[in-house]
Amino acid sequence: MITACYIFLVLFMSVMLEVMLGSASVIIPLTGMSLFYLSMVHGWRVGLFLGFFSGIVVDMLFSREIPVSALSFMAVSGVTAFWLLKGETKDVLLHAVPGVLTALVTVLPLILVYWKDMMLCGAGEVSILLLIAMASGAFILPLLILILDFLSEWLGMDLYRNARENIEERI
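Add 80 to the 1-based position in the sequence shown for my numbering, that's all there is to it.
What follows is the structure, given as structure tokens:
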């Protein structure tokens, strides 16, 4: 029960921060980063479920006609499965790579679907938005892993750094 409350609070905080920053025209994929962490700790099936519903919430809060975030947040589970098989979970600074991949997977579909609305700003500014999202993903994911692992350890729950040891359960 505490795990479900923890997951809800982490996703609620990340969705609210992403929507508040997004309403100020700053695209930082906090929900995608949180979904990456939760998918690594609790498995890709949980990540698909959480990604779909948190994506629907984000799309509803931004009043989007097409549920792009729901599909792109579900794709974060693919990045998680790839990183779980190929990457490292002990070295936190190495997580800039999946941070960039997660930001790319969550922001690029948005830009591709809504490119006509964004082209009023110009192609240069749209590419700068993507680069800022990728740079923030490279910075935020390692920091988020440290913070959430500290909280998980304090609460006595599964840790991110032990996800590779439990690989049979995760895949």
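The beta-carbon is built from N, C-alpha and C at its ideal position, and this holds for glycine as well.
Range of the contiguous alpha helix (DSSP H) that encloses residue i
i    : result
S119 : L110 to H122
E98  : I82 to S103
S149 : V148 to K166
I269 : Past the edges of the chain, shown from 81 to 251, lies residue 269, and the structure says nothing about it.
8 Å Cβ cutoff met for residue i and residue j
i    : j    : result
I212 : I107 : yes
E98  : L110 : yes
W142 : G102 : The displayed chain sequence assigns Phe, not Trp, to residue 142. Yes, they are a contact pair.
V138 : V95  : yes
V159 : F116 : yes
L184 : M214 : yes
Whole-number beta carbon distance between residue j and residue i, since they are thought to touch under 8 Å
i    : j    : result
M154 : G135 : 7 Å
I260 : H175 : Since the first and last residues shown for the chain are 81 and 251, residue 260 lies out of range.
- Does the segment 173-180 come within contact of the segment 136-152, defined as at least 3 CB pairs closer than 8 Å? no
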